Each structure stands twice: as C-alpha cells, then as structure tokens.
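Numbering follows the numbering used here, with no gaps: position 62 of the sequence shown is 62. For glycine and all other residues, C-beta sits at the position ideal for the given N, C-alpha and C. Computed from a prediction, not measured in an experiment: that's the story for all the values here.
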Amino acid sequence: MINQKISKVEKRIEEIIKNSQRNEKIYSAILYHFSAGGKRIRPLLSLIISDIVDYGKTEEEEYNLITSASCVELLHGASLMLDDVIDNSDTRRGKPSVNALFGNKIAVISASFLLGVMSDELAKIGNLELVRTFSHTAKVMAEGEVIELNLMINNISLNTIYREQLEKLYFDVIDKKTASLFSLSSSIPLILKGNSTELKHVFSDFGRYFGTIFQIRDDILDFISDKTGKPKMNDVKEGKITLPVILSDNFHKIVEIMKEEKNLSDGALDLIQGLVISGGGIERAEEQLNKIYEKTLSIFRSIDVPENKKQNLLELLELSKERLT
C-alpha cells in the first residue's frame, strides 16, 4: 500500500511539473533535477503517518495527501538547487548539479519557480493552516541557510573558537535547514485531517528529531562512506564545519589545515579524515545521534495507537539511523 502511494507521489510530481511548463529552460532544469531520483523519505514519512491517523481513505483525502507530499519534494528540490549555487557545488546525487549544467541564473530562477508552483498547488487544496505551515517552513529553511554561513571555514577565527558554541550553532542550522522539513512532512496528515493541536505537536516533534538523526547520519557518512551519491568529504571540500569535525579532539588542527589550503588536495583530505576519526569525532557524533534517537523513540512510544499500526514508522526511523547511503 505504501509503495503504491509513493508511486503516486512520483507521478504527481511529474504531473505538476508538466502542467506548470512555461519556459523550456526552466522546465528542462526542473525535469533534470527530479530525474536524478532520491530517497523520497520526506513524503514517505507523510504517507506512513497518514495510515497511523487514518487519513487518505477517500479519493479527495488521498488527492490532498499525495499533492501535499509532492509539494514537500518541490520545496526540498528548490532548497537543494539553491544550496548548490550557494556552495558552488557541481554535483548532486553523483550527477552534475543543475547549476553546473544550466548555470547559476537558471538554477536560482528554477528554484524560485518551483516555490511558486508549490504555493499554487497548496492553494488549490484550500487549507489555510497547510499553506501557512509550508510558508513558515520555507522561511525557517532560509534562515538556516544564512546561519550556516557562520560554520564556513572562512568565517571561523582560530582566536575565537569555542567548540561548544559551534556545536550549538550546528544544531541550530540542521534544525532549521533539515529537521524543519521533516517536521512539516510529519504534520501534513494531521493538518489535513484537522487533528488536535496537541497531537500535531507530537508528530511535529517526532519529525524534527527524525530529521536531526537523518542529517547527523549524513554528516557522519561524508567521512566514512563513498556511497552517498556525492563526492566523499564533500562538506570539507566546501569549507563546511560539521559535527564530526567539531567533536574531534583534533578540531584545531583540522581547522588550520582547512584554512591553509583553499583547494584541499587529496592528501589534505585524507589527513583531515584521519584526524576526525582518530580524534573521536565519528564516535562522539554517533553518541549524539543515539541520544536523539532515544528521545525520538520516547515520542514514538507515546503515540497511542496499536503497535502494529506504528511498525512502518519504526522501521523507517531505524533505517534512517543505520543507513549506509
């Protein structure tokens, strides 16, 4: 059932993009971005939670659910396009990024166009709370993007480094840039159904912690895996300071190397990877992830429905925590 619904999300995304075609360059850029695929874990979260709260049974409910879940991917897609322009990244999921293939201008315009298309589709559903929640999430994600600039190596001075402050900053960034979108995905079925505010908060918090786990795992994999569909050590190459670096005992040495070499050589990247691992950065990041996982499990257990009804949600959580890609 879930697989059938996620297929409907894929088809709905294609339909929305096709129906919004106005300019060939924009259409080609957007189509190219979505053709690269993706985990679709955010809409999957919406679909699984919709089963838990018994929403999406009628034709109208299913249409609203599938469209809303598709809009999450439109928002996510727009944010990725803008991310790649800001980071000057030329790859996305192992393929040339939109900005690398079409140029920065088309990438920015295409992202803006996607946000407009998303707003149009949400307006058709006619749920004001849903529109407001999407809008709020988009604003929060933009704020996170600005705050993340403070975690770029060029903005870090060795004389004013306080790792605890950087750690708080890191969690603020991922809460806004990543976790907020997972929170939105988890809230959609409850907003559409009109559930109580208290229950919305429960699922919203679950999604927020879920997204935090997802991002920490992503940042760990950047140092220990080359199966993520992006170049290994990509964050370091872009000058980003992430949790494994912040928590490493070799933090200052890593920062020195990153500041000395603007275009890091393979040797420098290997050295940084070794310093992160030998300094306990991966191990401590895993510890942080496990703490947040326990909080997420606590929220999961508080959801008052039969255990078998929550099984898919638990499996998705565990898959995200333990994933290798």
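Straight-line gap, residue i to residue j (C-alpha atoms, nearest Å)
| i | j | result |
| --- | --- | --- |
| Arg92 | Ile52 | 33 Å |
| Gly38 | Ile6 | 12 Å |
| Lys124 | Pro43 | 19 Å |
| Lys310 | Ile66 | 20 Å |
| Arg64 | Asn312 | Checking the displayed sequence, the identity of residue 64 turns out to be Asn instead of Arg. Approximately 21 Å, taken between the alpha carbons. |
| Gln215 | Thr178 | 7 Å |
| Leu166 | Asn23 | 43 Å |
| Asn234 | Ala69 | 29 Å |
| Phe206 | Glu73 | 19 Å |
| Ile188 | Ile224 | 34 Å |
| Met327 | Asn154 | There is simply no residue 327 to check, as the chain begins at 1 and stops at 325 in what is shown. |
| Ile13 | Leu114 | 11 Å |
| Lys18 | Asp90 | 26 Å |
| Ile156 | Arg301 | 41 Å |
| Ile299 | Leu314 | 11 Å |
| Ser97 | Asp304 | 43 Å |
| Thr197 | Ser204 | 10 Å |
| Asp172 | Leu199 | 24 Å |
| Asp222 | Thr58 | 42 Å |
| Lys8 | Glu60 | 14 Å |
| Gln288 | Ile277 | 15 Å |
| Glu10 | Asp266 | 38 Å |
| Tyr162 | Gly126 | 47 Å |
| Glu164 | Ser112 | 36 Å |
| Tyr293 | Lys25 | 43 Å |
| Glu15 | Leu75 | 16 Å |
| Val255 | Thr325 | 26 Å |
| Asn308 | Gln4 | 20 Å |
DSSP three-state assignment for residue i, whether helix, strand or coil
| i | result |
| --- | --- |
| Thr242 | coil |
| Thr58 | coil |
| Lys92 | Reading off the sequence shown, one finds Arg at residue 92, where the question assumed Lys. Three-state DSSP puts Arg92 in a strand. |
| Met81 | helix |
| Met233 | coil |
Own chain residues within Cβ distance below 6 Å of residue i, not counting five before or after
| i | result |
| --- | --- |
| Glu286 | none |
| Glu129 | Ile191 |
| Gly56 | Ser50, Glu62, Leu65 |
Best match in the options for proximity to residue i [C-alpha to C-alpha]
| i | options | result |
| --- | --- | --- |
| Lys291 | Lys176, Asn195, Lys321 | Lys321 |
| Leu149 | Glu14, Arg40, Ile241 | Ile241 |
| Cys330 | Asp90, Glu198, Phe34 | Coverage of the chain is limited to positions 1 through 325, which leaves residue 330 absent and any answer about it impossible. |
| Ile48 | Ile17, Leu316, Arg323, Pro306 | Leu316 |
| Leu319 | Leu45, Glu10, Ile16 | Leu45 |
| Ser400 | Gln288, Phe171, Glu164, Gly116 | Residue 400 lies beyond the residue range present for the chain, which begins at 1 and ends at 325; the question has no answer from this structure. |
| Asp175 | Ser112, Asn88, Ile147, Thr325 | Ile147 |
| Ser50 | Asn195, His76, Leu289, Pro96 | Asn195 |
| Pro306 | Lys193, Asp54, His252, Ser265 | Asp54 |
| Asp87 | Val236, Ser278, Val255, Asn308 | Val236 |
| Ile41 | Lys25, Asn308, Ile2, Glu15 | Ile2 |
| Lys95 | Glu294, Ala36, Arg163 | Ala36 |
Close Cβ partners of residue i (< 8 Å) along its chain, the five nearest in sequence each way excluded
| i | result |
| --- | --- |
| Ser180 | Thr137, Val140, Met141, Gly144, Arg208, Gly211 |
| Leu169 | Ile147, Asn150, Leu151 |
Short CB-CB distance (under 8 Å) between residue i and chain D
| i | result |
| --- | --- |
| Phe134 | Going by chain labels, chain D is absent from the structure shown, which holds only one protein chain. |
7 Å Cβ shell around residue i - same chain, five flanking residues per side excluded
| i | result |
| --- | --- |
| Ala268 | Ile257, Glu261 |
| Gly239 | Met152, Ile153, Asn154, Met258 |
| Thr296 | Phe206, Tyr209, Phe210, Ile213, Leu317 |
| Gly77 | His33, Phe34, Leu114 |
| Arg323 | Arg217 |
| Lys253 | Leu275 |
| Lys193 | Val53, Tyr55 |
| Pro244 | Asp219, Ile220, Phe223, Val276, Gly281, Ile282, Ala285 |
| Ile202 | As written in the sequence, residue 202 is Val, which differs from the Ile given in the question. For Val202, where only same-chain residues beyond five positions count, the Cβ hits under 7 Å are Ile299, Ser302, Ile303. |
Exercise for the section: Tell me, please, whether the stretch 274-289 touches the stretch 244-260 by the rule of three or more beta-carbon pairs shorter than 8 Å. Expected result: yes
Handout entry: Cβ contact check for the stretch 96-109 and the stretch 23-37: 3 or more pairs under 8 Å
Key = yes
Exercise for the section: Flag this pair as touching only if the stretch 109-129 and the stretch 264-274 have three or more C-beta atom pairs under 8 Å; answer yes or no. Expected result: no
Exercise for the section: Count the CB pairs spanning the stretch 108-115 and the stretch 80-94 that are closer than 8 Å, and state whether there are at least three. Expected result: yes
Exercise for the section: Taking 8 Å as the threshold, find out whether the stretch 207-221 comes into contact with the stretch 253-261 through three or more Cβ pairs. Expected result: no
Exercise for the section: Answer yes if the stretch 132-140 comes into contact with the stretch 172-186, meaning at least three C-beta pairs across the two stretches below 8 Å, and no otherwise. Expected result: yes
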